[in-house]
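Worksheet for the structure shown next.
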Amino acid sequence: MFKKVIYFQCILFVQTGLFSVTMQQCISKDYGKGGTVCVCNDTYCDFLPKIQPVDKTYYLIYTSNKKGLRFEKTEGSFLPEQKKTNAKKVYVYTKEHQEIHGFGGAFTDSTGINVNSLNEGAKENLLRSYFGKDGIEYTLGRVPIGASDFGLRAYSYAESYDPSLKNFTLAPEDFQYKIPLIQKANQLAGRPIRLIGSAWSSPIWMKVIPKYATIFGTLRSDMYQPWANYHLKFLEAYKQNNVTFWGLTTGNQPTIGYITFNIPGLAMGPTQLGRWISQNLGPTLKKSEFSDLKIITLDDQRLFLPLWLVDMFLFVPGAKQYIDGIGVHWYLDSISPTFDLDLTHNFYSDKFIIGTEGCRGNIPFEPDVILGSWQRGEDYVKSIMENLQHWVTGWIDWNMALDLVGGPSHYNTNADSPIIVNKTAGEFYKQPMFYIMGHFSKFVPPGSKFLEVSQYDSAKTTVAFRRPDGGIAILIANTKDYDIDVAIIDRNKNRGQINIHLTRHSMSSIVYW
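What follows is the structure, given as structure tokens:
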């Protein structure tokens, strides 16, 4: 079946005439888990050509749904606005909010291990699916500084006591699993991916309790400057390998180091972290060749906002000048109101808020991997839209590729991923989560501006953006068990009305210029 290349011809009429777009379709497989996956190997994979502007009288719709549609493309013409209609109405307004930084995933060791387990053809197709111009065009990437919980071992770049860091050296994992994939991603994208570095733990000799994963694993008071220098050394080492960074967080989940044994962590409260930023990390970076790097603090649950920043800036006001953004994870969003994000933006409107980690399969007693789960895709829809509606500028998924059991993880924190690799069969499976991420990353490029919209129901599953190329992108989902007809009226272009039939459990991206 995979030897056959299947093409779908989309014929679009524009003022200049006719042109066709060739799209390779999904090879669907149903595992009976509430949805389907798309199967790829070394000879075949589904791709979506780069979105091209069409005549202003037309709009394009790309739809994915629980039944198996994946970026199914249709076109339509604007109709005169109808005052009376049975369809639910959505209005897109002209008021702009935050600028979007992008969407992406993490270059963990586990991602690299799984990608490298495939032969060259399948490996190329996997990375092209994420970063290629005919892929979903990820623009952000998060890179663990040293080890995270997803890999084969815990390690640092200075294993023995060495405050001067004379023996600082990158690990084999950087050269096997991270740097080559990043370089390939940049090549496929045709531009550098915006990379954000995040450290899970310092070398253990810098910590009060010399273990990677331990409660109260705080930084020794005499190691503040060596820890800042460690970050600088990392940036320099990656630059020597032609990899540059856009941003740096002040540490992954600083609260984890206080409460858990099963994830590497460095315990840092807001005041302690603020002192390190103001006296060490901030000045060190500003005096270096990386002075333009975005410093992103918190990198933890939004539950801690805005009090985390209030505490930090109250007791260490000098930290504020060095901080550009605030990183939030999604894991406790169910008990954290979006009002926390609104307050944070209102208090610190000069700092952007960005989603730095999220995944499914991480909750105790739930399956790590569910092949084909549309529900997990909808979880992504709800989280990403909810965050975008409350000032968040981008969203970074966790592992980009895991194996059939959601690993490897040397701390047994297995989870799900948008792409699951079956190395025995030499193939990989694109989950509904992959396509949901693509509905954002493919259609909402960096530099897009969030637009105010009305919602067709209480689920609030509609967002809209003004793209840098002058187009408008509207993303709309139906998470219900029934179909819904929606009429969209855009007050930006004043073209008239878009009528769209939302099938049950579906996601659509609408774009026009």
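Residue numbers (mature numbering (1 follows the signal peptide of the UniProt record, and there is no 0)): -24 to -1, 1 to 489. Glycine included, C-beta positions come from ideal geometry on N, C-alpha and C.
| Asked | Found |
| --- | --- |
| Simplified DSSP state of H305, which is helix, strand or coil | strand |
| For G233 and G173, believed in contact at Cβ under 8 Å, the rounded distance | So it is not a contact: roughly 18 Å between Cβ atoms. |
| Per DSSP, the bridge partner or partners of M244 | Answer is none; M244 lacks a bridge partner. |
| Status (buried if at least 16 other CB within 10 Å, exposed otherwise) for V487 | buried |
| Y69 - DSSP class collapsed to helix/strand/coil | strand |
| Chain-order list of residues whose beta-carbon lies under 6 Å from that of A449 (same chain, five-residue window excluded) | F419, V420, F441, R443 and V487 |
| For H207, three-class secondary structure by DSSP | helix |
| Nearest neighbour of Y200, chosen from A243, K160 and I239 [CA to CA] | A243 |
| Paired residues, beta bridge with L427 - DSSP | E72 and A440 |
| Beta-carbon proximity of C16 to N101, cut-off 8 Å | yes |
| Contact set for T320: own chain, Cβ-Cβ below 6 Å, skip 5 residues either direction | L281 and P282 |
| Residues near L141 in its chain [Cβ-Cβ closer than 7 Å; skip 5 each side] | A134, P202, N205, Y206 and K209 |
| Under 8 Å between C-beta atoms of G117 and F79 | no |
| Contact set for K42: own chain, Cβ-Cβ below 6 Å, skip 5 residues either direction | G11, W350 and H481 |
| Straight-line gap, L94 to G402 (C-alpha atoms, nearest Å) | 6 Å |
| Length at least 3, wholly inside the region 358 to 440: the beta strand (DSSP E) runs in chain order | 368 to 375, 395 to 398, 403 to 406 and 425 to 429 |
| Alpha helix (DSSP H) runs wholly inside the region 74 to 118, at least 4 long, in chain order | 85 to 92 and 96 to 107 |
| Nonlocal neighbours in the same chain, by C-beta distance under 8 Å from N143, ignoring five residues either side | A134 and S136 |
| Selection from E51, G44, N238 and I272 that minimises the alpha carbon distance to P29 | E51 |
| Residue from K32, T437, H415 and N398 with nearest C-alpha to T39 | H415 |
| Residue range of the unbroken beta strand (DSSP E) whose run includes N454 | I448 to N454 |
| Candidates F47, D268, S124 and E149, of which the one nearest W176 by Cα | S124 |
| Own chain residues within Cβ distance below 8 Å of S424, not counting five before or after | E75, I76, F441, R442, R443, P444 and A449 |
| Q216 beta carbon less than 8 Å from that of Q473 | no |
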